[in-house]
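Chains as they are written, first to last, in my numbering: chain Z, 903 to 1150; chain A, 646 to 953.
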């Protein structure tokens, strides 16, 4: 799987790009001189996000917090590439039938496929977040902003919601992969799973949504329910006979 | 080892397998012959627990289809139509992956055993994408055997192989005979079936014939003896036709082609009669009908074509 160049690109480069982006924002905000005055012209949500931070610290944190959701985008986008290839890719390469002929059950097969897709995505996200924190410290953002970047909101988003999002993405991608006839189509359809998060991202930028600890906890709770439903549905959708006899 | 009772499989309106009754004994090598689209692969998939039947029942290695297919699959090895190997993985890793799926304890030893047995040990570390078609097929056979199944299904094991590679694969399958394992071969290669199989079933959606290759030849064509003569006179044919045990006589060039049931007993009388009539008998031999003749006769008859 990791010898597939596109998969390697997604697992390795997507986290790099999505980590470099907020670091770049932090760097740009740090070298823009006196930013404190900008706070006076910002919307109300600005002060809500800053919540105790003042001047340059507030501005830096406000801008960088807009990209918090990118660390939740990684566990959604990365496993889709792997998982959407997992069933249809094996079918088109004719490697699926020998696997289905072994004594493994559907649940075991899908669990293996899901872990193979989700674990690299979660690890890549965590490593990317670690690099982001390290980079932030190196950019001398100051103790107040650093303290905000490591508060429960960020840690829950990356460490708790991230894996749950990865599981949701993998379940959707495997469902699509079990029904699609082409790996590219499966991937494109599966990528639609990132749309709700993108809506959240743009909602936050537009000041319509405030991402706080309460929202993250609600997301985690809802995702647990969604994941359970998606996994059960994915197992139901996986029909060995259909896959072997109806796919061309 | 395999018992099939009225097995059938439909895909929407298409009947792939129709009321199949068959029993294959432990240790038997069984050939399943039929044209493309006859339902051979579907039958193998049914018997391997990969797909469910539309009707009927079957037992493989003591397990009834649809009752405990996971346990059934543990006792069954299958060589699929295409090798289906992971091209970027080495031969060794391809086998060890499947050995893990089958829960084999000493994976390294079992993998080495089969790589050596199939002559792939020296290439074990190379990605299978670099292998020739014959090597890939041998590795796929090793994969089908890695868990020591009681029943081995081979779907077109030599199709697409060059003669040398096909010979290697055939020799290996022949070497598996007598190990107590039941082998079920789907093939288009009638010569292969003739050489390898204890019994054959000619199948085209339904079973058209079932017996040993020799018995099928005898049943359909009888036994044919060719008398090579210096010259053929019309009286010779009349003389031979006068024997009650002779089924048919045909003069072809300087030969008399005679169909009868028991040449070992009746040939001396025929030779004596011909010599008595003045024939100069140069040579007597049996015309061995090929399995292809039997196959063409059966499949052609089913299609409504006049048998040759």
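We treat Cβ as the ideally placed atom computed from N, Cα and C, and that holds for glycine.
Rounded C-alpha distance that separates residue 719(A) from residue 690(A):
If you number the second chain from 1, residue 719(A) lands on position 74. If you number the second chain from 1, residue 690(A) lands on position 45. Going by the C-alpha atoms only, they are around 14 Å apart.
Does DSSP put residue 699(A) in a helix, a strand or coil?
Position 54 of the second chain holds residue 699(A). Coil at residue 699(A), not helix or strand.
Roughly how many whole angstroms lie between the Cα atoms of residue 877(A) and residue 908(A)?
To locate residue 877(A), count along the second chain from 1; it is residue 232. To locate residue 908(A), count along the second chain from 1; it is residue 263. Taking the straight line from one Cα to the other gives about 20 Å.
Alpha carbon to alpha carbon, how far is residue 737(A) from residue 911(A)?
Walking along the second chain from the start, residue 737(A) turns up at place 92. Walking along the second chain from the start, residue 911(A) turns up at place 266. Straight-line Cα distance between these residues: approximately 59 Å.
Classify residue 899(A) as helix, strand or coil using the three-state DSSP reduction.
Numbered from 1 along the second chain, position 254 holds the residue referred to as residue 899(A). Coil, per DSSP.
Is the Cβ of residue 708(A) closer than 8 Å to any Cβ of chain Z?
Taking the second chain and counting its residues from 1, the one referred to as residue 708(A) is at position 63. For residue 708(A), the answer is no, since every Cβ of chain Z falls outside 8 Å of its Cβ.
Identify each residue in the segment 996-1029 of chain Z for which the Cβ-Cβ distance to at least one residue of chain A is less than 8 Å, and report them in chain order.
Per Cβ criterion, the list reads 996, 997, 998, 999, 1000, 1001, 1002, 1003, 1004, 1005, 1006, 1007.
Residues of the segment 743-759 of chain A with a CB closer than 7 Å to any CB of chain Z: list them in chain order, please.
743, 746, 747
Contacting residues, own chain, Cβ-Cβ under 6 Å from residue 1002(Z) (five flanking each side not counted):
Here residue 1002(Z) refers to the residue found at position 100 when the first chain is read from its first residue. Excluding residues within five positions, the ones whose Cβ falls inside 6 Å are 1142.
Taking C-alpha atoms, which residue in 980(Z), 986(Z), 926(Z), 918(Z) lies nearest to residue 1087(Z)?
Taking the first residue of the first chain as 1, we reach residue 1087(Z) at position 185. Ranking the options by Cα distance to residue 1087(Z), first place goes to 986(Z).
Could you pull out every residue in the same chain whose Cβ sits closer than 6 Å to the Cβ of residue 694(A), ignoring the five residues on either side in sequence?
Residue mapping note: residue 694(A) aligns to position 49 of the second chain, counting from 1. Counting only Cβ-Cβ distances below 6 Å, and skipping sequence neighbours, we find 714, 717, 718.
In the segment 821-905 of chain A, which residue ranges form an unbroken beta strand (DSSP E) of at least 3 residues, counting only runs that do not cross its ends?
Here the runs fully enclosed are 827-832, 844-849, 851-856, 868-874, 891-897, 900-905.
Got a sec: is the Cβ-Cβ distance from residue 730(A) to anything in chain Z below 8 Å?
For the purposes of this step, residue 730(A) is identified with residue 85 of the second chain, where counting begins at 1. Yes, its Cβ sits closer than 8 Å to a Cβ of chain Z.
Go ahead and pull the three-state DSSP assignment for residue 668(A).
Along the second chain, one-based indexing puts residue 668(A) at 23. Here residue 668(A) sits in strand by DSSP.
Opposite residue 772(A) in the DSSP bridges: which residues?
The sequence position of residue 772(A) within the second chain is 127, counting from 1. In DSSP, residue 772(A) forms a bridge with 735(A).
Taking the alpha-carbon of residue 926(A) as reference, which of 735(A), 663(A), 918(A) has the nearest alpha-carbon?
The count along the second chain starts at 1 and reaches residue 926(A) at position 281. The residue from 735(A), 663(A), 918(A) with its alpha-carbon nearest to that of residue 926(A) is 918(A).
Using a Cβ-Cβ cut-off of less than 7 Å, give me the residues of the segment 688-702 of chain A that come near chain Z, in sequence order.
690, 693, 695, 696, 697
Taking Cβ positions, are residue 749(A) and residue 791(A) nearer each other than 8 Å?
Taking the second chain and counting its residues from 1, the one referred to as residue 749(A) is at position 104. Taking the second chain and counting its residues from 1, the one referred to as residue 791(A) is at position 146. Result yes, Cβ atoms of residue 749(A) and residue 791(A) sit closer than 8 Å.
Only counting runs of 3 or more residues, tell me where the beta strand (DSSP E) segments fall wholly within the segment 712-762 of chain A, in order along the chain.
721-724
Could you check what DSSP says for residue 1134(Z) in three-state terms: helix, strand or coil?
Looking up residue 1134(Z) in the first chain gives position 232. In this structure, residue 1134(Z) counts as helix in the three-state DSSP scheme.
In angstroms, rounded to a whole number, what distance separates the CA positions of residue 747(A) and residue 755(A)?
For this step, residue 747(A) is matched to residue 102 along the second chain. For this step, residue 755(A) is matched to residue 110 along the second chain. The alpha-carbon atoms of residue 747(A) and residue 755(A) are separated by roughly 12 Å.
Sort out for me which residues DSSP pairs residue 709(A) with in a bridge.
On the second chain, position 64 is the one that residue 709(A) refers to. According to DSSP, which records beta bridges pairwise, residue 709(A) is partnered with 704(A).
Using a Cβ-Cβ cutoff of 7 Å, what residues of the segment 760-784 of chain A are near chain Z? List them in chain order.
none
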